[in-house]
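One rule links them: number in the working numbering = place in the sequence shown (from 1) + 538.
Even glycine gets a Cβ: it sits at the ideal position worked out from N, Cα and C.
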Amino acid sequence: FRRARQLEPHRLQGMEVYSTVLWFLKREHELCYLAQEVVALDRLAPQTWCVLGNCFSLQREFETAIKFFNRAVQVDPSFTYAYTLAGHEHVSNEDFDKATASFRNALRYDDRHYNAWYGLGTIYLKQEKYQLAEYHFRRGLSINPRNSVLQCYLGMALLSSGACDDAIHELQRAIDMDPSNPLARLRKAMALSQLQRNEEALGELLSLQQLAPRESTVFVQMGKVQKKLGRQHDALASFNHALDLDPKSGNVIKAHIDKLQMADIAEDDSMV
539 FRRARQLEPH
549 RLQGMEVYST
559 VLWFLKREHE
569 LCYLAQEVVA
579 LDRLAPQTWC
589 VLGNCFSLQR
599 EFETAIKFFN
609 RAVQVDPSFT
619 YAYTLAGHEH
629 VSNEDFDKAT
639 ASFRNALRYD
649 DRHYNAWYGL
659 GTIYLKQEKY
669 QLAEYHFRRG
679 LSINPRNSVL
689 QCYLGMALLS
699 SGACDDAIHE
709 LQRAIDMDPS
719 NPLARLRKAM
729 ALSQLQRNEE
739 ALGELLSLQQ
749 LAPRESTVFV
759 QMGKVQKKLG
769 RQHDALASFN
779 HALDLDPKSG
789 NVIKAHIDKL
799 QMADIAEDDS
809 MV
């Protein structure tokens with residue numbers, strides 16, 4: 539995108555996607571600068587309002603962001619990307635009715651807009667409507683079959699519905715598409731653990747530890763698996779490391795430590 543802007547400084551097409559990339563990378567200053575530039579180029583372009591919306595979304599000014607995304611579709615009602623951005627903003631506010639309406643509006647103008655199929659799938663996943671979630675993720679994958687995120691979320695929907703073997707298959711496909719996808723590895727480890735394939739689960743978590751060394755969730759899950767394997771000291775070390783990484787989740791992690799210590803006490807009592 540930087541190269542494109544060097545070659546064509548007045549280009550607006552694609553800047554809405556570039557602003558989303560900057561949003562995911564949390565590059566607030568670059569996004570604000572981009573917003574200033576596109577406003578100077580064309581205040582009536584839908585891309586401009588999408589960039590502005592992403593800029594305010596990153597600053598956690600959600601209502602203003604939604605207002606700008608809505609402005610983009612007022613300027614161009616067929617601009618599907620703006621509906622999708624508004625939908626994700628509504629999801630972050632847990633306003634699922636408005637989010638659903640936004641994603642469906644996107645599909646009304648372009649039924650191959652896979653982002654909207656993904657958005658609807660995430661809503662149904664949050665609402666525990668796992669078959670609907672699976673359907674929408676599969677529709678998205680039929681359009682964009684090499685998308686690791688979509689593949690991962692399909693696996694998550696299957697895992698949530700209890701289809702662990704199918705979930706492992708789909709999650710492995712997500713990992714093959716993008717070996718650095720941490721969520722796919724974490725969910726695969728959880729699925730393996732549910733099937734009592736704990737050595738495999740631990741191996742997956744050890745690989746994930748290299749990708750996300752400061753993610754407390756990885757060490758919590760590792761502690762759970764080590765506990766199942768009877769490695770109490772390793773489990774305690776994992777839980778304590780998770781606590782160091784994420785003190786805000788202290789109550790949840792301490793509950794795991796307490797259960798571990800209670801199991802040790804029970805085992806000691808049984809040996810007396």
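Option nearest Gly-741 by Cα separation, candidates Arg-752, Lys-726, Gln-770 and Glu-753 = Working through the sequence shown from its first residue, we reach residue 741 at position 203. Ranking Arg-752, Lys-726, Gln-770 and Glu-753 by Cα distance to Gly-741 puts Lys-726 first.
query = Okay, do the region 754-774 and the region 787-800 touch, 3+ Cβ pairs below 8 angstroms being the bar?
reply = yes
inquiry  = Assuming contact is defined by CB atoms lying nearer than 9 angstroms, are Met-694 and Leu-721 in contact in what I supplied?
reply    = Here residue 694 refers to the residue found at position 156 when the sequence shown is read from its first residue. Here residue 721 refers to the residue found at position 183 when the sequence shown is read from its first residue. Yes, Cβ-Cβ distance for Met-694 and Leu-721 is below 9 angstroms.
Three or more C-beta pairs below 8 angstroms linking the region 647-662 and the region 686-703 = yes
query = What first and last residue would you give for the alpha helix (DSSP H) that runs through Arg-735?
reply = Working through the sequence shown from its first residue, we reach residue 735 at position 197. Counting along the chain, Arg-735 falls outside any alpha helix (DSSP H), and DSSP gives it neither H nor E.
query = If you draw a straight line from the C-alpha of Ala-773 to the C-alpha of Ser-718, how long is it?
reply = Taking the first residue of the sequence shown as 1, we reach residue 773 at position 235. Taking the first residue of the sequence shown as 1, we reach residue 718 at position 180. When rounded, the distance between both Cα atoms is 25 angstroms.
request  = Determine the extent of the alpha helix (DSSP H) in which Ala-632 is found, giving its start and end residues.
outcome  = As a position in the sequence shown, residue 632 is number 94, starting the count at 1. Note on identity: in this sequence residue 632 is Glu, with Ala being the wrong assignment. Element bounds for Glu-632: n/a, residue is neither H nor E.
request  = Taking only the alpha-carbon atoms, compute the straight-line gap between Ala-729 and Phe-641 and give it to the nearest angstrom.
outcome  = Reading the sequence shown from its first residue, position 191 is the one you call residue 729. Reading the sequence shown from its first residue, position 103 is the one you call residue 641. Approximately 30 angstroms, taken between the alpha carbons.
query = Taking the alpha carbon of Tyr-619 as the point to measure from, which residue in Asp-714, Glu-666, His-674 and Tyr-647 has its own alpha carbon closest?
reply = Here residue 619 corresponds to residue number 81 of the sequence shown, with the count starting at 1. When each option's Cα is compared against that of Tyr-619, the closest is Tyr-647.
request  = With a cut-off of 8 angstroms on the beta carbons, I'd call Ala-780 and Ser-754 a contact; round off their distance for me.
outcome  = As a working note, residue 780 is residue 242 in the sequence shown. As a working note, residue 754 is residue 216 in the sequence shown. About 4 angstroms; that satisfies the 8 angstroms criterion.
task = Would you kindly report the start and end of the unbroken alpha helix (DSSP H) that includes Ala-701?
result = Against the sequence shown, residue 701 aligns to sequence position 163. Here Ala-701 belongs to no alpha helix (DSSP H), and DSSP marks it neither H nor E.
inquiry  = Does Lys-833 come out as helix, strand or coil in the three-state DSSP assignment?
reply    = What the structure shows of the chain is the stretch from 539 to 810, and residue 833 is not part of that stretch, so it cannot be assessed.
inquiry  = Give me, in chain order, the residues of the same chain whose beta-carbon lies closer than 7 angstroms to that of Thr-638; leave out the 5 immediate sequence neighbours on both sides.
reply    = For this step, residue 638 is matched to residue 100 along the sequence shown. Excluding residues within five positions, the ones whose Cβ falls inside 7 angstroms are Leu-658 and Ile-661.
ask   = Near Ser-776, which residues of its chain fall below 8 angstroms by C-beta distance, leaving aside the five closest residues on each side in sequence?
value = Numbered from 1 along the sequence shown, position 238 holds the residue referred to as residue 776. Closer than 8 angstroms at the Cβ level, and outside the excluded window around Ser-776, lie Phe-757, Val-758, Met-760, Gly-761 and Gln-764.
inquiry  = Let me confirm a value: Tyr-571 is counted as buried when at least 16 other C-beta atoms fall within 10 Å, else exposed. Which label applies?
reply    = Working through the sequence shown from its first residue, we reach residue 571 at position 33. Under this definition Tyr-571 is an exposed residue.
message = Can you give me the C-alpha to C-alpha distance between Gln-551 and Gly-625, rounded to a whole angstrom?
response = Mapped onto the sequence shown, residue 551 falls at position 13. Mapped onto the sequence shown, residue 625 falls at position 87. Each residue's Cα considered, the two are about 21 angstroms apart.
task = Answer with yes or no whether the minimum CB distance from Ala-739 to chain C is below 9 angstroms.
result = Of the protein chains in this structure there is only one, and it is not chain C.
inquiry  = Classify Arg-723: buried if its beta carbon has 16 or more other beta carbons within 10 angstroms, exposed otherwise.
reply    = What you label residue 723 is simply residue 185 of the sequence shown in a count that begins at 1. The residue in question, Arg-723, is buried, as its Cβ has 16 or more Cβ neighbours within 10 Å.
task = Return helix, strand or coil for Ala-793, following the three-state DSSP convention.
result = Here residue 793 corresponds to residue number 255 of the sequence shown, with the count starting at 1. Note: Ala-793 maps to helix in three-state DSSP.
message = Distance check for Arg-769 and Cys-593, CA to CA, integer angstroms please.
response = Taking the first residue of the sequence shown as position 1, residue 593 is located at position 55. Taking the first residue of the sequence shown as position 1, residue 769 is located at position 231. Answer to the nearest angstrom: the Cα atoms are 47 angstroms apart.
ask   = Which runs of the alpha helix (DSSP H) spanning at least 4 residues fall entirely within the region 714-764, listed in chain order?
value = 720-732 and 736-749
ask   = Grouping DSSP H, G and I as helix and E and B as strand, with all else coil, what is Ala-639?
value = The sequence position of residue 639 within the sequence shown is 101, counting from 1. It is helical.
query = If you count every other CB in all the chains shown that lies within 10 Å of the CB of His-628, and 16 or more means buried, which is it?
reply = Reading the sequence shown from its first residue, position 90 is the one you call residue 628. The residue is buried, with at least 16 neighbouring Cβ atoms inside 10 Å.
task = Consult DSSP for Gln-544 and reduce its assignment to one of helix, strand or coil.
result = The count along the sequence shown starts at 1 and reaches residue 544 at position 6. If DSSP states are grouped into helix, strand and coil, Gln-544 belongs with the helices.
message = Which runs of the alpha helix (DSSP H) at least 4 residues long sit entirely within the region 593-629? Give them in chain order.
response = 600-613
task = Please go through the same chain and pick out, in chain order, the residues whose beta-carbon is closer than 7 angstroms to the beta-carbon of Phe-617, but skip the five residues on each side of it.
result = Taking the sequence shown and counting its residues from 1, one reaches residue 617 at position 79. Cβ neighbours of Phe-617 beyond the five flanking positions: Pro-584, Ala-610 and Val-611.
message = Using CA atoms only, rank isn't needed, just tell me which of Leu-697, His-674, Val-559 and Cys-588 is closest to Ala-573.
response = Within the sequence shown, residue 573 is the residue found at index 35, counting from 1. The residue with the shortest Cα to Cα distance from Ala-573 is Cys-588.
request  = Output the distance between the C-alpha atoms of Glu-601 and Tyr-556, rounded to the nearest integer angstrom.
outcome  = Your numbering for residue 601 matches position 63 in the sequence shown. Your numbering for residue 556 matches position 18 in the sequence shown. C-alpha separation (whole angstroms): 22 angstroms.
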